[in-house]
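Worksheet for the structure shown next.
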Amino acid sequence: MAIFVGVREQYLSLIMRQFPDTSGDDNNASGTRLFKHIIIFFLPLSIITLVPGVIMSLSEGMPILAAMDLMAFLVVLSVSFGKGFAIAHRKALFVAIIHLIGVALLYYLGSYGPGMLYLLAGTFFTSLIFPGKRGFWSTAFILAVCIAFSIGYHLQLIPAPQGPYYSPAAWITVSVNLVILSATVAVLLPRLFRRMNSADKSFKTVTMATTETIWEWNLDSSRIDYNRGLQEMFGYKAGEMEDTREWWMSRIHPNDRERVEAKLARALHDAPDQSVQLEFSFLCADGSYKHISNRSIAILDENGRAIKIIGAIQDISKIKEYITAIERHNEKLEEISWLYSHSVRSQVATTLGLLQLYNKRDITDPQNSVIIDGIDTSAHKLDTVIKLINELSKVPEELKQYRRNK
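Residues are numbered in this note's numbering as their position in the sequence shown, beginning at 1, plus a constant of 1144.
Put into structure tokens, the structure is as follows:
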């Protein structure tokens, strides 16, 4: 199994080198990305079918068809790994060999063989990987092939297929249906991709407009894609980010990491269709941490299995600062309450008690001097407490800023 995975990774790496940049939002970039994935799957299938196809062709006395199979495989190999080929030339060679295989199969096997399927596949691939209305070129080619074969059969320039179901009328009917199907593919596929690209552009516009970081985690490949918010929020450059789960988890604060992993795993297992909200600290490019709120939800397949997780990250560092400032302010208010209930009331009670002892009838009473000194001392203590209360009552700068922002 490990050997298979290693070979697969090497194979994918070789293919990716031939398509160094498939980014972009236009139809041409989308077609190139599709072409890359078509090649990834088409080449192994070509290898699997090459030997049986060549053996069958030789055993049936059709060496030219066997040569065509071999040539087609070599062309696909060149398209996949050949150096110095422009992407447009790779695409053109690929669709050309698909059409030529269809013509060869049609010539040797007639409408009973897979030739017409190859021709229709040619239209399909052309519409997928080329922008605009290039699929109609394939339809025009198929129409020309059908007309040429009809004339060839009629003039006996091409050997007509043998079988009880073949007739000129049947051939014309099959040809007309093939051309109609090809034209339908050439019309509908570009429209479909235009709408998909339009929806994709709208989504990307929204993600660029928002201040949040939008991310998508493919659970099968463990790849995580982000919008530009990750760079703007945490200061990372494009070359510093990785699309792996390990990179993401390694930047969660060690005190939060185990809790985040456990809650995500539990949510995927117990209620994958429910949203999950987490708060944790995330490492910035400059080495500092930001407090973030992460809300995510899983995308399920038809069997209820989670295949993707899509989430949004919001920077709540300022909110955390405001909460901390409020907590500190509340502590000061509690201290003020204690000072009022103990120190202030104590000094006021002392002053009132001394005033009751003051001899108003005989102000020359020597005891009045002692009482006045006591009142003075109590007043100074009360003044000290009031100054402390005034200092504690000051609103923290963070709360002032918060009120201004509101």
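Each residue gets a CB set at the ideal place from its N, CA and C atoms; glycine is no exception.
Buried versus exposed, by CB contacts within 10 Å (16 or more), residue i
i, result
"residue 1273", "buried"
"residue 1408", "buried"
"residue 1114", "Because the chain here runs from 1145 to 1550, residue 1114 falls outside it and cannot be looked at."
"residue 1398", "exposed"
"residue 1392", "buried"
"residue 1334", "buried"
"residue 1246", "buried"
"residue 1269", "buried"
"residue 1203", "exposed"
"residue 1291", "exposed"
"residue 1193", "exposed"
"residue 1447", "exposed"
"residue 1468", "exposed"
"residue 1336", "exposed"
"residue 1210", "buried"
"residue 1513", "exposed"
"residue 1415", "exposed"
"residue 1087", "The first residue shown for the chain is 1145 and the last is 1550, placing residue 1087 beyond what the model contains."
"residue 1410", "exposed"
"residue 1368", "buried"
"residue 1324", "exposed"
"residue 1554", "The structure shown does not extend to residue 1554, since the chain is modelled only from 1145 to 1550, so the question has no answer here."
"residue 1357", "buried"
"residue 1340", "exposed"
"residue 1442", "buried"
"residue 1377", "buried"
"residue 1326", "buried"
"residue 1293", "buried"
"residue 1394", "exposed"
Nearest-angstrom Cα separation, counted from residue j out to residue i
i, j, result
"residue 1420", "residue 1405", "12 Å"
"residue 1528", "residue 1432", "41 Å"
"residue 1317", "residue 1264", "16 Å"
"residue 1328", "residue 1284", "13 Å"
"residue 1345", "residue 1172", "14 Å"
"residue 1231", "residue 1214", "23 Å"
"residue 1229", "residue 1183", "15 Å"
"residue 1370", "residue 1321", "45 Å"
"residue 1195", "residue 1373", "51 Å"
"residue 1175", "residue 1155", "21 Å"
"residue 1455", "residue 1198", "51 Å"
"residue 1224", "residue 1157", "12 Å"
"residue 1278", "residue 1311", "32 Å"
"residue 1521", "residue 1465", "41 Å"
"residue 1430", "residue 1379", "7 Å"
"residue 1428", "residue 1458", "14 Å"
"residue 1413", "residue 1366", "17 Å"
"residue 1237", "residue 1216", "10 Å"
"residue 1387", "residue 1303", "57 Å"
"residue 1153", "residue 1252", "39 Å"
"residue 1330", "residue 1444", "32 Å"
"residue 1510", "residue 1525", "24 Å"
"residue 1275", "residue 1187", "23 Å"
"residue 1259", "residue 1151", "33 Å"
"residue 1470", "residue 1422", "22 Å"
"residue 1385", "residue 1338", "30 Å"
"residue 1364", "residue 1472", "46 Å"
"residue 1462", "residue 1191", "59 Å"
Residue nearest to residue i in terms of C-alpha spacing, selected from the options
i, options, result
"residue 1226", "1160, 1464, 1255", "1160"
"residue 1460", "1374, 1430, 1434, 1204", "1434"
"residue 1177", "1371, 1162, 1189, 1188", "1162"
"residue 1235", "1422, 1179, 1511, 1296", "1179"
"residue 1362", "1522, 1156, 1440", "1440"
"residue 1208", "1224, 1233, 1248, 1187", "1248"
"residue 1250", "1190, 1394, 1315", "1315"
"residue 1450", "1186, 1381, 1360, 1201", "1360"
"residue 1296", "1282, 1400, 1254", "1254"
"residue 1271", "1332, 1472, 1259", "1332"
"residue 1452", "1389, 1382, 1281", "1389"
"residue 1426", "1402, 1396, 1185, 1401", "1396"
"residue 1437", "1189, 1259, 1400, 1418", "1400"
"residue 1403", "1424, 1257, 1205", "1424"
"residue 1257", "1375, 1383, 1201, 1381", "1201"
List, from N- to C-terminal side, the beta strand (DSSP E) runs of 3 residues or more that fit wholly inside the region 1370-1443. Every unbroken stretch of the beta strand (DSSP E) spanning 3 or more residues and falling wholly within the region 1370-1443 is given here in chain order: 1420-1427.
Which full runs of the alpha helix (DSSP H) of 4+ residues lie inside the region 1189-1268, going along the chain? Listed in chain order, they are 1207-1225, 1231-1253.
Taking 8 Å as the cut-off, does the region 1235-1246 touch the region 1209-1222 (at least 3 CB pairs, one atom from each stretch)? Verdict: yes, contact present.
Does the structure place the region 1279-1298 close enough to the region 1249-1267 that three or more beta carbon pairs sit under 8 Å? In short, these stretches touch, since the Cβ pair count reaches three.
May I have a chain-ordered list of the beta strand (DSSP E) segments no shorter than 3 residues that lie completely inside the region 1284-1313? Fully enclosed beta strand (DSSP E) runs of 3 or longer: not present.
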